[in-house]
Every structure is written in structure tokens, then in C-alpha cells.
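Student: Numbering (our numbering), first residue to last: -18 to 214. Glycine included, C-beta positions come from ideal geometry on N, C-alpha and C.
This is the structure in C-alpha cells:
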């Protein structure tokens, strides 16, 4: 291969890598906006408009939107194009019914596997969540703390098959975050339930950890049902 051809190949690789990086950044930005309700359910995801907003070319934006569709955070509507997925509360309730025993099992497994470092991080997380209740905390901050809290428990459980099953529901339940954390009372109840889970985990009590975690999922489901004016069963 000639020097010119080598240079062209190298530029192509750099271009592809740059495009992939931009697509990833666009995806993360759009995902955050969806979960923060800046892009509400049904909001259009016009590639040209988003490219102008993000100040990048259309190609990485198009790739980012396709990833959102693949993850269930967006859909392609006939005659309208891509838009943010609409939250179907009936589907969400069904998912939480399934998640209740699974997340209880996750906490049971984690209770006997937490390291001392996990325990310290868990204590710090609960302290941070309780402190957040005393100030004007945005729902996106609560959501980030919620993800970190349950992520630690999931990692500690160390069961790949269980976590793979739970991962199937992650993107759809993510759409419920704004409703779950939008009111201070809802946030207060969830943090209190997190405290109960953490106390059981730190004590190494697998039975209590399972009960507390399952109860938390059930309570979140019922709160979401009340928020949307439907039944939680």
C-alpha cells in the first residue's frame, strides 16, 4: 500500500473513531434529557433539529437516536419519525410485579457478600440521600443516587443470570424515575426504604434484606400507580 493510501486509511480510522465518540456523547446527552424529563414522552427526536441543538453533524445523532430506539427509550412512530417512548403504566406495573421477588433475591445474595468497603460506601450513600432530603434537591440527583445504591447491591449479589434478567427491564423502568422522585414525600419514603435495606445488608441479615428490598419495589409500584391514577396490583 502506498503512503497516500496509508494516510487515507489512517484518516478513515480516526474519522470512524471520532464519529463513534460523538455518537456516544449524543446518546448519553439525549438519554439524560429523557430521564430528566427535558425530553418528555412523545417529544420528537428530529435528527436535523438535534444536530443543530448539539452542534454536531447528523450522522452521530442518527446513530444515537437508533440506540435510544434499540434500548426502548424511543420509538419510531409512523408518519412522525422517532420520538421519546411513551410510558405505558400498565406495562410498568407488570414489570414491577416481576421485579419484586427478583430484587428481593438480589438483596438476599448481597447480604452475605458485602465487603467492608461496600459497607462503608453503602453508609455514605444513605447519609447522602438523607442529607438530600433537607435541601432543594433536583429529581435527577435523586435518580442518580438511586441508580448508584441499587447498582452496588446488584454488583455485590454477584449472580450474572439474575442481573441479566433484571437488565431486561432497566430502560423501561428508567422512564418511571421522574414520577418516582418528583414529589418530596415520594423521595422521603424511598430514602426511608433504602435505609431499611441498607441496615439489613450491613447487619448481614439476608431474610430482612430480602423482605425490605421486595417491600421497596412493591411500594414504588403502588406509588407510581397512585401517581398515574391506576391500580398497583
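How big is the Cα-Cα spacing for residue 27 and residue 63?
Tutor: Taking the straight line from one Cα to the other gives about 7 Å.
Student: On the criterion of 16 or more Cβ atoms from any shown chain inside 10 Å, does residue 190 qualify as buried, or is it exposed?
Tutor: Burial call: buried.
Student: Among 98, 200, 60, which residue has its Cα nearest to the Cα of residue 182?
Tutor: Per the Cα distances, 98.
Student: Rank 113, 132, 154, 91 by C-alpha distance to the C-alpha of residue 170 and give the top, closest one.
Tutor: The shortest Cα separation from residue 170 among 113, 132, 154, 91 belongs to 113.
Student: Suppose you measure from the CA of residue 24 to the CA of residue 188; what does that come to, to the nearest Å?
Tutor: Between residue 24 and residue 188, the C-alpha separation is close to 43 Å.
Student: Excluding five sequence neighbours on each side, which residues of the same chain lie with their C-beta closer than 7 Å to the C-beta of residue 7?
Tutor: So the list reads 35, 37, 41, 42, 45, once near-sequence residues are dropped.
Student: Would DSSP call residue 82 helix, strand or coil?
Tutor: In this structure, residue 82 counts as helix in the three-state DSSP scheme.
Student: Measuring alpha carbon to alpha carbon, tell me which residue in 131, 10, 65, 115 is nearest residue 89.
Tutor: With distances taken between Cα atoms, residue 89 lies closest to 131.
Student: Starting from residue 58, follow its DSSP beta bridges and name the residues at the other end.
Tutor: Per DSSP, 62.
Student: Could you please give the first and the last residue of the uninterrupted alpha helix (DSSP H) stretch that includes residue 252?
Tutor: Nothing can be reported for residue 252: it is not among the residues displayed for the chain, which extend from -18 to 214.
Student: So, with DSSP's three-state summary, where would you put residue 25?
Tutor: Three-state DSSP puts residue 25 in a strand.
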